[in-house]
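Engineer: One structure is given below, represented as structure tokens, and several questions about it will come after.
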């Protein structure tokens with residue numbers, strides 16, 4: 311099968327990010343034609359002038375009213391010319407071999423949709439590197455964002471995702487929930503009989519524009535979304551989704567029993583955090599980043615764990631309608 315890639319980029323008020331991403335696409339070592347479809351999602355600070363600075367790229371630029379990233383990706387795919395779509399978030403930078411690697415892997419072992427990992431460059435800010443560790447480590451998320459040893463049936467994430475035109479048209483694309491639109495799409499595609507894949511070497515540098523408060527709000531939304539997804543797709547429920555919430559209960563219980571003189575639980579918690587420090591230090595080659603990674607993990611577990619519990623109680627236990635309980639998670 312001859313592949314023609316359409317790269318879909320939804321963007322909202324991020325012209326500087328778009329410039330960096332487009333520059334990385336100019337530097338691709340892939341020698342076959344491909345197109346870029348950039349969808350401005352109701353931005354007031356647009357990327358139109360940035361796009362004009364890349365005449366060597368085949369770019370289709372669209373401006374539309376704000377309707378969320380999922381609908382903007384769908385809009386881009388409906389207006390694309392290719393037969394295989396590659397979706398990036400605007401805060402990603404693509405290494406030069408990315409498209410060549412995707413083409414090679416799909417030629418050898420075709421899959422209808424795929425995902426790849428996110429990575430952090432050494433020149434990223436310490437906060438970005440610490441959060442990247444927290445979001446991708448086997449010790450925290452179980453490697454669900456692209457670690458080979460945790461692949462199994464891999465759920466692609468839309469910051470770095472590919473999907474065939476046929477699979478997109480059969481599924482209707484992304485739903486109106488956000489975040490969570492990417493695992494929801496993956497699950498629906500599996501049910502339709504399409505096969506997913508993890509392309510370990512098709513990674514991107516995910517340059518998150520983030521602060522501690524933004525990170526907390528982001529992971530809290532991830533926690534809120536998961537019980538909603540398992541209410542829609544009960545067969546996808548996993549015990550591991552409870553880990554951050556159980557960890558929070560464990561910390562509280564450990565502190566309570568420590569006051570009563572039972573120190574073993576608190577030692578267990580501290581041992582886990584020390585393991586994070588050691589592992590993150592080895593991965594990042596920085597003691598400072600190892601220490602910062604612990605903060606990122608604690609913020610991640612607190613935000614996700616509390617969000618997961620709130621959503622589970624309302625959606626799974628009290629059987630409330632998700633759109634009424636959490637309207638901010640849905641785009642009309």
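In our numbering, the protein residues as written are 311 to 642. For each residue, glycine too, the CB sits at the ideal point set by N, CA and C.
Give the straight-line distance between the Cα atoms of residue 344 and residue 314, rounded to the nearest whole angstrom.
Structural biologist: 6 Å
Engineer: Is it buried or exposed for residue 584, if we count other Cβ within 10 angstroms and need 16 for buried?
Structural biologist: So residue 584 counts as exposed.
Engineer: How far does the alpha helix (DSSP H) with residue 418 in it extend, from its first residue to its last?
Structural biologist: Taken as a continuous stretch (DSSP letters only), the alpha helix (DSSP H) holding residue 418 covers 408 to 418.
Engineer: Taking the Cβ atom as the reference point for each residue, do residue 384 and residue 355 lie within a distance shorter than 7 Å?
Structural biologist: no
Engineer: What does a CB cutoff of less than 8 Å around residue 318 pick up in its chain, not counting 5 residues either side in sequence?
Structural biologist: 347, 349, 383, 386, 387, 390, 395, 396, 397, 398
Engineer: Pull up the distance between the alpha-carbon of residue 413 and that of residue 512, whole angstroms please.
Structural biologist: 10 Å
Engineer: Please tell me whether residue 328 and residue 400 are closer than 7 Å, where the distance is taken between their beta carbons.
Structural biologist: yes
Engineer: Does DSSP put residue 604 in a helix, a strand or coil?
Structural biologist: helix
Engineer: What residue range is occupied by the uninterrupted alpha helix (DSSP H) comprising residue 527?
Structural biologist: 522 to 542
Engineer: Under the three-state reduction of DSSP, which class applies to residue 516: helix, strand or coil?
Structural biologist: strand
Engineer: Compare the Cα-Cα distances from residue 586 to each of 577, 527, 604, 576 and report the closest residue.
Structural biologist: 604
Engineer: What are the boundary residues of the alpha helix (DSSP H) that residue 361 is part of?
Structural biologist: Counting along the chain, the alpha helix (DSSP H) containing residue 361 begins and ends at 358 to 362.
Engineer: Please report the straight-line C-alpha distance between residue 609 and residue 437, rounded to a whole angstrom.
Structural biologist: Between the alpha carbons of residue 609 and residue 437 lies a distance of about 12 Å.
Engineer: Less than 8 Å between the CB atoms is what I'm expecting for residue 408 and residue 338, so what's the real figure, rounded?
Structural biologist: 7 Å
Engineer: Should residue 580 go down as buried or exposed, given a rule of 16 or more other Cβ atoms within 10 Å for buried?
Structural biologist: exposed
Engineer: Would you call the stretch 525 to 538 and the stretch 616 to 632 in contact, with 3 or more CB pairs under 8 Å?
Structural biologist: yes
Engineer: Rounded to whole angstroms, what's the CA-CA distance from residue 597 to residue 429? Just pull it up for me.
Structural biologist: Straight-line measurement puts the Cα of residue 429 at about 19 Å from the Cα of residue 597.
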